[in-house]
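*Asks:* For what it's worth, full-length UniProt numbering labels the leading residue of the sequence shown as 1, then goes sequentially. Glycine is no exception: its CB is placed at the ideal position from the N, C-alpha and C atoms. It should be emphasised that the depicted structure is a prediction, and the values quoted were computed from it without experimental measurement.
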Amino acid sequence: QEGTKIPSKRQQDTSITTSELLYKDLLKSEQENWNKISARYKTMTKRIKEKLEELHNKYTFNLGSPRIRFGENVYFEENGCIFLSKAGDDEGNADILFSAEDLGFSDAFIQRIRISPDQRHMAISLKSENSEEATCVIVNLGHFPVVEKIIPSVFSFEWAANDVLYYTSQKNLKCQNVFMTTFTSQKHTKLVYTEQDARFFVDIYCTKDRRFLTINSNSKTTSEVWLVDCRHPFKLPALVQARTKGLIYHIEHRNDELYILTTYGEPAEYKLMKAPVASSGMENWQLVYALEKKTKLVDLEMFSDHCVMFLKNAGHLYLNVISFVSHSVQSLKLPTWACEFELESHPEHTTSTCYFQLTSPVHPPKRFAYSFKENNLIEQAAQEVPIITNCHTTRLLAKSKDETLVPITVFHNMNSKELHRKPLLVHVYGAYGIDLNMSFKEEKLMLIEEGWILAYCHVRGGGELGLSWHKDGCQHNKLKGLHDLKACIMLLHKLGFSQPQYTALSAASAGGVLAGALCNTDPELIRCMVLQAPFVDVLNTMMNTHLPLTVEEQEEWGNPLANEKCMKYIKSYCPYQNIKTQCYPSVFITAYENDLRVPPTGVIRYVQRLRKAALDHARRTSKKGNWIPNIILDIQANGSHCDSSWEDSLNEV
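1. Taking Cβ positions, are Val513 and Phe535 nearer each other than 7 Å?
2. What span of residues does the alpha helix (DSSP H) with Thr550 cover, start to end?
3. What are the boundary residues of the beta strand (DSSP E) that includes Ala100?
4. For the region 527-544 against the region 455-462, do three or more pairs of beta-carbon atoms, one drawn from each stretch, fall closer than 8 Å, so that the two count as touching?
5. I need the straight-line Cα distance from Ile6 to Met282, nearest angstrom please.
6. Apply the 10 Å Cβ neighbour rule to Gly246 and answer buried if 16 or more other Cβ atoms are within range, or exposed otherwise.
7. Less than 8 Å between C-beta atoms, sequence neighbours within five positions excluded: which residues of the same chain meet that for Asp209?
8. Which of helix, strand or coil does DSSP assign to Gly481?
9. Closer than 7 Å by C-beta to Pro233: which residues in its own chain qualify, once you throw out the five before and the five after it? Chain order, please.
10. One question on the structure: do Asp256 and Val225 come within less than 7 Å of each other, judged by their Cβ atoms?
11. Kindly list the residues whose CB is nearer than 6 Å to the CB of Phe200, restricted to its own chain and excluding five residues on each side of it in sequence; keep chain order.
12. Taking the C-alpha atoms as reference points, what is the distance between Asn594 and Asn130?
13. Please determine, among Thr184, His327, Trp337, Val329, the residue with the shortest C-alpha to C-alpha distance to His316.
14. On a CA-only basis, which of Lys480, Gly265, Ile632 is nearest Glu32? Give me that one, please.
15. Buried or exposed: where does Gly430 fall if 16 or more other Cβ atoms within 10 Å of its Cβ makes it buried?
16. Flag this pair as yes or no: are the beta carbons of His427 and Tyr456 separated by less than 7 Å?
17. Enumerate in chain order the residues of its own chain whose CB-to-CB distance from His250 is below 6 Å, with the five nearest sequence positions on each side excluded.
18. Quick check: the region 397-413 against the region 445-452, are there 3 or more CB pairs under 8 Å?
19. Rounded to the nearest angstrom, how far is the Cβ of Leu103 from that of Val147, given a contact under 8 Å?
20. Give the range of the beta strand (DSSP E) segment to which Val329 is assigned.
21. Candidates His363, Phe179, Ser371, Ala487: which alpha carbon is nearest Leu518's?
22. Determine the direct distance from the alpha carbon of Ile215 to that of Gln176, and round the result to whole angstroms.
23. Does DSSP put Lys294 in a helix, in a strand, or in coil?
24. Compare the Cα-Cα distances from Asp648 to each of Ile37, Asp107, Leu27 and report the closest residue.
25. With distances taken Cα to Cα, identify the nearest neighbour of Val598 among Arg69, Ile635, Pro364.
26. Using a threshold of 7 Å, state whether the C-beta atoms of Pro523 and Pro585 are closer than that.
27. How do the region 599-615 and the region 564-584 stand: do at least 3 beta-carbon pairs fall below 8 Å, yes or no?
28. With a threshold of 6 Å on Cβ separation, who are the neighbours of Cys528 within its own chain once the five nearest residues in sequence on each side are excluded?
29. Asn140: which of Ile124, Glu133, Thr43 sits nearest, CA to CA?
30. My assumption, with CB atoms under 8 Å, is that Lys312 sits in contact with Tyr289. Please give the rounded CB distance.
31. For Gly88, which three-state DSSP category applies?
32. Taking Met180 as part of the alpha helix (DSSP H), name the residues at either end of that continuous run.
33. Would you mind sorting Asn520 into buried or exposed? The rule is 16 or more other CB atoms within 10 Å of its CB.
34. Just verifying my parser: in three-state terms, what is the DSSP assignment at Ala614?
35. Please state whether DSSP places Asn284 in a helix, a strand or coil.
36. I'd like to know whether the C-beta atoms of Thr581 and His546 end up nearer to each other than 7 Å.
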């Protein structure tokens, strides 16, 4: 309008500085508040910490890091160092090839190791606890190993040939460029692929037979793969199949044929298909094996004559072994206590045995082997594991609002009497098609020993029952995940597993959406909620395209900027938007100062609004026995959004 002054650049800068100062003040006051509160729990913390350390030492008998075998040579990592020993030799006499500390990376851990085919070079990625980005170090494995090159901000890398390394660079949580670097006498680095679409993330993989490198460009719903021929690593990458909206596919190779794991065709669940390398378009894809309905494909391992599929169905784990020689499929149900696979690396795809570990939140990893020759499963009793026999595993199905049956996995101590009086810890996630983390954690075992009940709610939006389970809980179906969670908690209470006054709800990251939403709609179902780096301000985040992940995440949450209906829908469940004056459970939140995925600003806003609502309610209803919930925020200066090491997570736990 006329007469309206346009703010000068200086005025804009001042407002930014003011909000930064305000944020710093809030951060400081939250940290002071946390220091004051945490002092109250000193004795309890000390007792828990000692107990956890005792369990850690008892159950983390050195399963050791994965061994990488090349013929007679065995490479392994221990305490930030990489060693080389001969197969069958005592590993105590191994040669040291690399030490992260000697290179000045004392706070970093080794994330990935790749040995070149001729074993003359080794590429390693080092990552610190406080960063999402890794540094790639290339070591020349001559008579005296020497660092030849250091590449910052690398996500994935593979050797295409003896002296040709392909890698992706990471910037601002995005990977969109693939480079090739050579270690011949003529050293050079060249950009070989760039992804233009911000929704896509690029990584590199090497087929098990080392015949091709695959450049994989994936969004949340669509993928495209390019092949680099390892026999001709300087040739341009070849396209397998152009991206088609809604089509996901991944590539393996065997005997001049591509094996394609894909959602192509009906139903839109994973199938194993194959096509000739020379004519790889989807019109030539032939079905090898289709998964049963409501089955989750966890992983797939390719061997020279077999393919092993690691599957989940209704909470149980299975192995499907496909023989390419006899064209048969053998299905094996794994022990009922097992909830999670942990796979081991197989550089030698000609091996006759497939090794893996099974685990659950209360069972330390146990090693198993499947023998292709014997067609059977062998339990590896290498270490004497005191097996936890007094823990009972129960699988339940809760009926959601729309009659869908939602799986729950429950653990409790067999010796516990009067379960309705025991405390219950409920876990939820329900996003991105990712399963709830059910690998072993010392603290879960400690809770079982102390009489707690643990429940894992496999709600829609997660991936536990296949791709359709995710689809049924994302975008305009997000509320289904909330209805599922409510149904699960109500069923647990109805069956006599605890009661609302002894129930705690736990979630991390995107799990904070459903946990925070339940806190608004049905606060009377739980007594407290524990959140780690929670996503609680969906609407404001999805409206801000300057944040690194907003565009990429539109396939999960929708695009409120382009669609008003979508904006209203997000607003209907977003935890921050729906805080109201009512009695809330107590809340404990951990956030990280340097978290790029869930910046602490949104978490602070959420906590402040929640405190105000709880306080207003207490003032309005100042009747006898009224309580004000504890709403505590611990913002850690260190740590990042992803899992940290045992030592670093101990204090937090």
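*Replies:* Working from what's here:
1. Your numbering for residue 513 matches position 513 in the sequence shown. Your numbering for residue 535 matches position 535 in the sequence shown. Yes, the Cβ-Cβ distance between Val513 and Phe535 is below 7 Å.
2. What you label residue 550 is simply residue 550 of the sequence shown in a count that begins at 1. DSSP places Thr550 in the uninterrupted alpha helix (DSSP H) bounded by 550-557.
3. As a first step, residue 100 is located in the sequence shown; it is residue number 100 there, counting from the start. It is not in any beta strand (DSSP E) - Ala100 carries neither H nor E in the DSSP assignment.
4. No: fewer than three Cβ pairs fall under 8 Å.
5. Position 6 of the sequence shown, counted from the first residue, corresponds to residue 6. Position 282 of the sequence shown, counted from the first residue, corresponds to residue 282. Residue placement at Ile6 cannot be trusted, given a pLDDT of 36 that sits under 50; what the coordinates show is reported in the next sentence. The alpha-carbon of Ile6 is positioned some 56 Å away from that of Met282.
6. Counting from one through the sequence shown, the residue named residue 246 turns up at place 246. Under a 10 Å Cβ-count criterion, Gly246 is classified as exposed, with fewer than 16 other Cβ atoms of the shown protein chains found around its own Cβ.
7. The residue given as residue 209 occupies position 209 in the sequence shown. Contacts found: His253, Arg254, Met302, Ser304, His349.
8. Mapped onto the sequence shown, residue 481 falls at position 481. Helix at Gly481.
9. Here residue 233 refers to the residue found at position 233 when the sequence shown is read from its first residue. Contacts found: Ala160, Ala161, Val164.
10. By one-based count along the sequence shown, residue 256 stands at place 256. By one-based count along the sequence shown, residue 225 stands at place 225. The Cβ atoms of Asp256 and Val225 do not sit closer than 7 Å to each other.
11. By one-based count along the sequence shown, residue 200 stands at place 200. The beta carbon of Phe200 is closer than 6 Å to those of Ser217, Ser219 in its chain, skipping five residues each way along the sequence.
12. Position 594 of the sequence shown, counted from the first residue, corresponds to residue 594. Position 130 of the sequence shown, counted from the first residue, corresponds to residue 130. Each residue's Cα considered, the two are about 7 Å apart.
13. Against the sequence shown, residue 316 aligns to sequence position 316. For the residues Thr184, His327, Trp337, Val329, the minimum Cα distance to His316 belongs to Trp337.
14. What you label residue 32 is simply residue 32 of the sequence shown in a count that begins at 1. If we check each option's Cα against that of Glu32, Ile632 comes out closest.
15. The residue given as residue 430 occupies position 430 in the sequence shown. That one is buried.
16. For the purposes of this step, residue 427 is identified with residue 427 of the sequence shown, where counting begins at 1. For the purposes of this step, residue 456 is identified with residue 456 of the sequence shown, where counting begins at 1. Yes. Within cutoff.
17. Along the sequence shown, read from residue 1 onward, the residue named residue 250 stands at position 250. So the list reads Leu261, once near-sequence residues are dropped.
18. Contact holds: three or more Cβ-Cβ distances are below 8 Å.
19. Along the sequence shown, one-based indexing puts residue 103 at 103. Along the sequence shown, one-based indexing puts residue 147 at 147. Leu103 to Val147, Cβ: 7 Å. Contact.
20. As a position in the sequence shown, residue 329 is number 329, starting the count at 1. In the DSSP assignment, Val329 falls within the unbroken beta strand (DSSP E) covering 328-333.
21. As a first step, residue 518 is located in the sequence shown; it is residue number 518 there, counting from the start. Checking every option, the nearest Cα to that of Leu518 belongs to Ala487.
22. In the sequence shown, the residue the question calls residue 176 occupies position 176. In the sequence shown, the residue the question calls residue 215 occupies position 215. Each residue's alpha carbon lies about 11 Å from the other.
23. As a first step, residue 294 must be located in the sequence shown, where it is residue number 294. Coil.
24. The count along the sequence shown starts at 1 and reaches residue 648 at position 648. Per the Cα distances, Asp107.
25. What you label residue 598 is simply residue 598 of the sequence shown in a count that begins at 1. Comparing Cα-Cα distances from Val598 to each of Arg69, Ile635, Pro364, the minimum goes to Ile635.
26. Translated into positions along the sequence shown, residue 523 becomes position 523. Translated into positions along the sequence shown, residue 585 becomes position 585. Yes, they are a contact pair.
27. Yes, the region 599-615 is in contact with the region 564-584.
28. As a first step, residue 528 is located in the sequence shown; it is residue number 528 there, counting from the start. The residues Ala504, Pro585, Ser586, in chain order, have a CB closer than 6 Å to that of Cys528 in the same chain once the five nearest residues on each side in sequence are set aside.
29. Here residue 140 refers to the residue found at position 140 of the sequence shown. The residue among Ile124, Glu133, Thr43 with its C-alpha nearest the C-alpha of Asn140 is Ile124.
30. Within the sequence shown, the letter at position 312 stands for residue 312. Within the sequence shown, the letter at position 289 stands for residue 289. Separation of the CB atoms of Lys312 and Tyr289 is rounded to 16 Å, and the pair is thereby denied contact status at 8 Å.
31. Taking the first residue of the sequence shown as position 1, residue 88 is located at position 88. Three-state result, Gly88: coil.
32. Within the sequence shown, the letter at position 180 stands for residue 180. First-last for Met180: 174-182, but that is the beta strand (DSSP E), not the alpha helix (DSSP H).
33. Taking the sequence shown and counting its residues from 1, one reaches residue 520 at position 520. So Asn520 ends up on the buried side.
34. As a working note, residue 614 is residue 614 in the sequence shown. Note: Ala614 maps to helix in three-state DSSP.
35. Within the sequence shown, residue 284 is the residue found at index 284, counting from 1. Taken through DSSP and simplified to helix, strand or coil, Asn284 comes out as helix.
36. Locating residue 581 in the sequence shown gives position 581, counting from the first residue. Locating residue 546 in the sequence shown gives position 546, counting from the first residue. For Thr581 and His546, no; Cβs fall outside 7 Å.
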